[in-house]
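Trainee: Going from the sequence shown to our numbering is simple: count from 1 and add 1. What follows is a single structure, and I will ask about it in a moment.
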Amino acid sequence: MQQKVYSVGQINSYIKNMFTQDFVLNRVSVSGEVSNCKYHSSGHIYFSLKDESGTLACVMFASARTGLAFRLSDGMQVVVSGSVGVYERDGKYQLYAARIQRDGAGLLYERYLALKQELEEMGMFAPEYKQPIPSFVRKLGVVTAPTGAAVRDIITVSKRRSPGIQIYLYPAKVQGDGAAESVAAGLRALDALGLDVIIAGRGGGSIEDLWAFNEEIVARAIFDCRTPVISAVGHETDTTIADYAADLRAPTPSAAAELAVPDTGALLDQLEAGRQSLDRLMKNRVSFERMKLEQYQLRMRYASPQQRVREQRQRLADLEENLTEAMRGLLELRKQQMALYVQKLKSVSPLEKLTQGYSCVTDAAGARVYSIAQVADGDAVRIYVSDGCIETEVTGTETLKAR
């Protein structure tokens, strides 16, 4: 009897059908460590799951990646849910991932991300709902464990910064069963007291230790508080849902106390520095205004009506004196000119000539006789000499011949 021979494709197809018909392999979840993880340009993710006993090839297609809340990387402990099938071309089987969750702490982290997204979509983290922290805090509420470093740090820092501050401690359970409910009850209790600010937090730890502050009941209690809330959970690198819901996040409990409680010593120093600065400014301003006043007084002294009258009087006096001097000078000049004119007139005056032995002849009408042609024999004439007048008659004339 001749043995039937099958092709490779037929065998691979047969095995694939067997995998497909197996109920367990169609709905399976496998835990292991991720290795050889590669993100393909098509969007598919190829990786392997391994443990101490073996390795399983896996693939997550791009269409299934919408449910992946984190980036897959080598070394992660995860739980992959999907189906096991055969890739006929290569004749090997692999796990087709439909969902990937982080194992252990990773599951808590996924819960954290899911709740964070849900509350964020509800608007509980929106900036417009954040309350400002008061500048001067007199009554401080603290929700934390009654023992431990966190409460000691908060009290020590607060008292150092403001010795007269009143601290109201609600001793809450911050870890384990009922911790979230205890923290939420503490927030509600302190909020009812009308305090200035509330600090809610605890010291550092693992994600499991801090989980009470990742619960929705705590986030809602913080959101509902009328009193501003500062979250101070864990160390600087720890971030919880409470941090997003609070009005202000502090990296540590000590930092929360510093953010909430003003440093009264530094404040007094600032006030003193401000007082001194204000005093200097006031002195400088007074000096400046006094100098301006003196300048205004000086201006008023020169610009006042009385001063102007005085100036005009002085100007008129100067003008009067100048005019007097000018008149004196002009009169003196005119006197000198008059003397010259008098001297000139005297030199041409007939009377002056008469005193020198000359005489002046006029006819009976008083007209001066210059020539013998102006008179005839028998005409009456007058001869003026230095001491009087001689009346005579012309008896004859004689023409003088030039020599």
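Ideal Cβ placement from N, Cα and C applies to all residues, glycine included.
#1: Give the secondary structure of Val60 by DSSP, where H, G and I count as helix, E and B as strand, and everything else as coil.
#2: Taking C-beta to C-beta, are Glu129 and Lys17 nearer than 7 Å?
#3: In the structure shown, what three-state DSSP assignment does Arg90 receive?
#4: Whole angstroms are fine: how far does the CA of Arg250 sit from the CA of Phe289?
#5: Between Gly142 and Gly204, is the Cβ-Cβ spacing less than 7 Å?
#6: Are the C-beta atoms of Glu259 and some chain C residue less than 7 Å apart?
#7: Return the residue from the list Arg161, Lys336, Gly68 that minimises the CA-CA distance to Pro263.
#8: Whose CA, out of Ala181, Val144, Glu34, lies closest to the CA of Lys58?
#9: Determine the extent of the alpha helix (DSSP H) in which Ser348 is found, giving its start and end residues.
#10: Can you check the region 40-85 for any alpha helix (DSSP H) of at least 4 residues that lies completely inside it and give the ranges in chain order?
#11: Between the beta-carbon of Arg100 and the beta-carbon of Gly76, is there less than 7 Å?
#12: Our contact map puts Ala258 next to Gly202 with C-beta atoms below 8 Å; I'd like the distance itself, whole angstroms only.
#13: Please state whether DSSP places Glu34 in a helix, a strand or coil.
#14: In its own chain, which residues sit with a C-beta less than 7 Å from the C-beta of Asn13, not counting the 5 before and 5 after it?
#15: Taking the alpha helix (DSSP H) that Ile159 falls in, what are its first and last residues?
#16: Between Lys117, Arg139, Val382, which lies nearest to Asp244 when the distance is taken from Cα to Cα?
#17: Taking Arg189 and Gln167 to be in contact with their CB atoms under 8 Å, please state how far apart those CB atoms are, rounded to whole angstroms.
#18: Measuring only the C-alpha atoms, how far is Gly177 from Ser32?
#19: Going by DSSP in three states, Val184 sits in which element: helix, strand or coil?
Mentor: Considering the structure as presented:
#1: strand
#2: no
#3: coil
#4: 49 Å
#5: no
#6: Protein chain content of the structure displayed is limited to a single chain, and chain C is not contained in it.
#7: Answer by Cα proximity: Arg161.
#8: Per the sequence shown, residue 58 should be read as Ala rather than Lys. Checking every option, the nearest Cα to that of Ala58 belongs to Glu34.
#9: Start and end: 306-349.
#10: none
#11: no
#12: Their Cβ separation, rounded to whole angstroms, is 10 Å, which puts Ala258 and Gly202 out of contact at 8 Å.
#13: strand
#14: Val87, Glu89, Gly92
#15: Contrary to the premise, residue 159 reads as Ser rather than Ile in this sequence. That run of the alpha helix (DSSP H) goes 150-162.
#16: Lys117
#17: 19 Å between Cβ atoms; not a contact.
#18: 26 Å
#19: Val184: helix per DSSP, three-state reduction.
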